[in-house]
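There are 2 protein chains.
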Amino acid sequence: MAKAAGVVTAGVLIIGDEILSGRTQDTNLGDIARRLAVHGVDLAEARTVPDETAEIIAALNALRARYDYVITTGGIGPTHDDITADAVAEAFGVALYEHPDILAAMQARWGGEVNAARRRMARIPEGGELVKNPVQGPPGFLIGNVFVLAGVPAIMRGMLEDVGWRLNGGATVISRTVLVEGSGEGEIAAPLEAVAKAHKAMSLGSYPFFGPQGYGSNLVLRGRDADEVEAATAELIAALTAAGIARITRVEA
Amino acid sequence: MAKAAGVVTAGVLIIGDEILSGRTQDTNLGDIARRLAVHGVDLAEARTVPDETAEIIAALNALRARYDYVITTGGIGPTHDDITADAVAEAFGVALYEHPDILAAMQARWGGEVNAARRRMARIPEGGELVKNPVQGPPGFLIGNVFVLAGVPAIMRGMLEDVGWRLNGGATVISRTVLVEGSGEGEIAAPLEAVAKAHKAMSLGSYPFFGPQGYGSNLVLRGRDADEVEAATAELIAALTAAGIARITRVEA
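Heads up: the protein sequence lines correspond to chains E and U, in order. Residues in the first sequence are numbered from 1 upward in steps of one, following my numbering. Residues in the second sequence are numbered from 1001 upward in steps of one, following my numbering.
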């Protein structure tokens, strides 16, 4: 993504064979994107890689060099395929150590005896700090500009609560939606493009839908300047109307 | 992904600001993964990029060099942000041309007059061939090892029907699932790892769940040799039982 001045960016790294096999539907990407937007951080790219150390390291190094922040999901449980902490430590060239607070919480929970598999989850890279897990199980961690979170959606969302306040975000993005019904994108394209060209600092997109209930498109206008977003929305409605499109609804979202 | 002999791989490139903003939930990745598996093709990596030419080209070139096949979704409509065909042509160093069959179908549908926005959708790269769209709108295309499909899920799924027969797949992957209830991953990890180590050609994963209805994990065994998958499944059940885990159900999926 071409990085404009004042824009803060993030990349997401989704780790897990189960996503790539189609067994599990990822929903974390959208949750992260919406949370980042609140803090003025643009999600610029996402990659999904299998549970393989070399793949995780290569993707992580590419993303952390390029974006202000990286958020990883998955691979921090106790089983043999949970290799994210090891891979992140290797990417940063540091060792893992057993964090005393995590181990103490595990001992409290399991009565002093913590088996080897669970102890693996107590390890974080040297130089890392903890990301609280208010849901269940051990915490995530932050090292450098990389937040390492769980893959289970409910746990990942809980951990995000401890991520947001640490982000130095840019101006937040404001979006407006104009719903067009009964017209196809082929009719919408020209007026939409005219408005997009007049507002190059903004992003205008068309997201068509069709089905038994009818067809049309949601036109989404995004920008950082509230006055410009407002003006462009009015211009778009005027341009659509001038093009003979009748069923236009402004949606406040 | 370390490519084993006889394994055929694919990468997926998801194109669209709407996925990265969290506005739209991608479901195409899972649909593609499951369809590829039927044809013996492993989905090895996925990337999601914004509607920006340079980003699309960089990701496409990385994926097409590395995997046997690439499938892209999104950005082939008529609006100004639909730049996938242009980016793919540029990545291959060829020009776009108006395909006569697509233009003829458009003229038949819209009575001879096709506006400029719609004509954009009639363009495919030189050397490409069409991928049928049985649902709605113009077709996708194949160039080199890259299939370029629509982003709207219903249309994308329709186009996949014209993709599968063109894939030279490897041996298909067989999977078995062992459901464990009332035990956490911390107890499951050791027996699971023992079986995983004894079957290095296979992939064994643990996918935990928890909620009001209880907790546990789905243990998924995947491999290309039916006898080995069967043997490993029996070994895993025996190892879990030996570890004192009681609620084990073999799921035929």
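Glycine included, every Cβ here is placed at the ideal spot set by N, Cα and C. Quick caveat: nothing in here was measured; it's all calculated off a predicted structure.
Proximity of residue i and residue j at Cβ, strictly below 7 Å
i: E/Asp31; j: E/Arg157; result: yes
i: U/Arg1224; j: U/Val1173; result: yes
i: E/Met159; j: E/Gly140; result: yes
i: U/Gly1011; j: U/Leu1063; result: yes
i: E/Gly74; j: E/Gly170; result: no
i: U/Pro1050; j: U/Asp1026; result: no
i: U/Val1039; j: U/Leu1167; result: Looking at the sequence itself, residue 1039 of chain U is His, so the reference to Val does not match. Their beta carbons are under 7 Å apart, which means U/His1039 touches U/Leu1167 by this criterion.
i: E/Ile124; j: E/Phe92; result: no
i: E/Arg118; j: E/Pro78; result: yes
i: U/Tyr1097; j: U/Asn1145; result: no
i: U/Glu1230; j: U/Val1195; result: no
i: E/Leu13; j: E/Leu60; result: yes
i: U/Ala1044; j: U/Tyr1067; result: yes
i: E/His199; j: E/Ala232; result: yes
i: U/Val1178; j: U/Leu1204; result: no
i: E/Pro208; j: E/Ala243; result: no
i: E/Arg181; j: E/Gly214; result: Looking at the sequence provided, one finds Glu at residue 181 of chain E rather than Arg. Cβ atoms of E/Glu181 and E/Gly214: closer than 7 Å.
i: E/Arg34; j: U/Gly1022; result: yes
Nearest-angstrom beta carbon gap, residue j and residue i [assumed within contact, 8 Å]
i: U/Ile1056; j: U/Ile1015; result: 6 Å
i: E/Glu185; j: E/Ser217; result: 6 Å
i: E/Ala89; j: E/Ala95; result: 6 Å
i: U/Thr1084; j: U/Val1148; result: 6 Å
i: U/His1080; j: E/Ala189; result: 7 Å
i: E/Val131; j: E/Val163; result: 6 Å
CB contact below 7 Å: residue i versus chain U
i: E/Asp17; result: yes
i: E/Gln107; result: no
i: E/Glu181; result: no
i: E/Tyr207; result: yes
i: E/Gln213; result: no
i: E/Arg118; result: yes
i: E/Ala189; result: yes
Element boundaries [beta strand (DSSP E), containing residue i]
i: U/Gly1216; result: Gly1214 to Gly1223
i: E/Pro125; result: Arg123 to Pro125
i: U/Gly1011; result: Val1008 to Ile1015
i: E/Gly158; result: Per DSSP, E/Gly158 belongs to no beta strand (DSSP E); it is in the alpha helix (DSSP H), Pro153 to Leu160.
i: E/Arg119; result: Per DSSP, E/Arg119 belongs to no beta strand (DSSP E); it is in the alpha helix (DSSP H), Ala116 to Arg120.
Residue i at chain E interface by Cβ criterion, 7 Å
i: U/Ser1021; result: yes
i: U/Met1001; result: In this prediction, U/Met1001 has a pLDDT of 44, which is less than 50 and means its spatial position is unreliable; nothing more can be read from the coordinates.
i: U/Ala1198; result: no
i: U/Glu1185; result: yes
i: U/Arg1157; result: no
i: U/Glu1193; result: yes
i: U/Val1229; result: no
i: U/Gly1006; result: no
i: U/Leu1240; result: no
Enclosing alpha helix (DSSP H) for residue i [first to last residue]
i: E/Leu167; result: Neither: E/Leu167 is in no alpha helix (DSSP H) and is coded neither H nor E.
i: U/Val1038; result: Asn1028 to Val1038
i: E/Asn54; result: Here the sequence assigns Ala to residue 54 of chain E, which means Asn is not the residue at that position. That run of the alpha helix (DSSP H) goes Thr53 to Arg66.
i: U/Thr1072; result: Here U/Thr1072 belongs to no alpha helix (DSSP H); instead the beta strand (DSSP E) covers Tyr1069 to Thr1073.
i: E/Ala189; result: Glu185 to Ala198
i: E/Ile143; result: It is not in any alpha helix (DSSP H) - E/Ile143 instead sits in the beta strand (DSSP E) that spans Gly140 to Ile143.
i: E/Asp227; result: Ala226 to Ala242
i: U/Asp1086; result: Thr1084 to Phe1092
i: U/Asp1101; result: Pro1100 to Trp1110
Heavy atom of the ligand MN within 6 Å of residue i beta-carbon
i: U/Gly1205; result: Among the components of this structure there are no ligands whatsoever, and the ligand MN is therefore not found.
Residues of the segment 1071 to 1085 of chain U with Cβ closer than 7 Å to any Cβ of chain E, in chain order: From the segment 1071 to 1085 of chain U, only Gly1077, Pro1078, Thr1079, His1080 and Asp1081 have a Cβ closer than 7 Å to chain E.
The segment 1125 to 1151 of chain U: positions lying closer than 7 Å to chain E by Cβ: Residues Gln1136.
Proximal residues, the segment 40 to 55 of chain E versus chain U, C-beta separation under 9 Å: Against chain U - using a Cβ distance shorter than 9 Å - the residues of the segment 40 to 55 of chain E are Asp42, Leu43, Ala44, Glu45, Ala46, Arg47, Thr48, Val49, Pro50, Asp51, Glu52, Ala54 and Glu55.
Residues from the segment 22 to 38 of chain E in contact with chain U, defined by Cβ distance under 9 Å: Residues Gly22, Arg23, Thr24, Gln25, Asp26, Thr27, Leu29, Gly30, Asp31, Ile32, Ala33, Arg34, Arg35, Leu36 and Ala37.
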